[in-house]
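Residue 1118 in the numbering used here sits at position 22 of the sequence shown, and the numbers go up by one each step.
Positions of the beta carbon are idealized from the N, C-alpha and C atoms, including for glycine.
If you're wondering where the values come from, they're calculated on a predicted model, not measured in any experiment.
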Amino acid sequence: MRKEDNMPYLLGWLLGVPVVVLVILYLIFH
C-alpha cells in the first residue's frame, strides 16, 4: 500500500477519535 492510499484513512482517524472522546466525556460529565 502506498502512503497516499492511507491518507484518507488516517485523516478519518484523526477526525473521528477526538469526536468519540468528546462524546464520551460529554456523556460522563453531563
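Asked                                                                                                                             : Found
Compute the Euclidean distance between the alpha carbons of Val1119 and Val1113, then round it to the nearest angstrom.           : 10 Å
Where Glu1100 and Leu1121 are concerned, what is the direct C-alpha to C-alpha distance, given to the nearest angstrom?           : 33 Å
Apart from the five residues just before and just after Phe1125, which ones in its own chain have a Cβ nearer than 7 Å to its Cβ? : none
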